[in-house]
Amino acid sequence: MNKKELEKYKEKLSEQLHILLQNLKNLEESVMTNSRMDSSGDLTNIPTHIADISSDTVAQDLALGLIESEAGVVRKIQAALQSIEKGTYGDCEHCSQPISKKRLDYIPYTTLCIQCKSIEEKKQKNAILW
Numbered sequence: 268m269n270k271k272e273l274e275k276y277k278e279k280l281s282e283q284l285h286i287l288l289q290n291l292k293n294l295e296e297s298v299m300t301n302s303r304m305d306s307s308g309d310l311t312n313i314p315t316h317i318a319d320i321s322s323d324t325v326a327q328d329l330a331l332g333l334i335e336s337e338a339g340v341v342r343k344i345q346a347a348l349q350s351i352e353k354g355t356y357g358d359c360e361h362c363s364q365p366i367s368k369k370r371l372d373y374i375p376y377t378t379l380c381i382q383c384k385s386i387e388e389k390k391q392k393n394a395i396l397w
């Protein structure tokens with residue numbers, strides 16, 4: 268991969284990283300400040316109705332799931348940026364063959380070529396069936 272292509276992927280990854288970090292910050296703030304107004308207008312973290320408790324729990328679980336998922340993508344993007352610096356970006360970590368540019372354009376933080384990813388998914392599917 269030439270220097271111009273690497274720079275394009277580095278820029279794309281950096282943009283995605285910036286967006287995800289901002290999303291994470293917003294989600295974390297949302298979870299931390301999930302306060303309600305009580306009937307007197309005072310802020311409280313204690314729901315006043317059982318349905319509110321359930322809704323709050325579901326919303327918080329969803330937010331925490333999103334935080335976990337986005338944090339995983341952040342780690343993958345950071346690893347991809349490091350691989351650009353090391354000169355290994357775009358090489359499949361299983362077979363060492365180049366990952367197609369079409370795949371990298373779609374998922375710039377991927378570490379597997381399409382063939383190795385397919386094999387991995389089949390193994391995971393079989394493991395679930397057992």
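Read in order, the letters of the sequence shown correspond to residues 268 to 397 in the numbering used here.
Every residue, glycine too, gets a C-beta built ideally from N, C-alpha and C.
Pro375 and Ala347 do touch by the CB rule: their CB atoms are close to 6 Å apart, below 8 Å.
Counted as a single uninterrupted DSSP element, the alpha helix (DSSP H) harbouring Tyr373 occupies residues 368-373. If you ignore the 5 residues before and after His361, its C-beta comes within less than 7 Å of the C-beta of Leu379, Cys383, all in its own chain and listed in chain order. In this structure, the straight-line span from the alpha carbon of Leu333 to that of Leu294 is close to 8 Å. Shortest Cα-Cα distance from Leu371 to any of Glu387, Lys389, Ile351, Ile386 involves Ile351.
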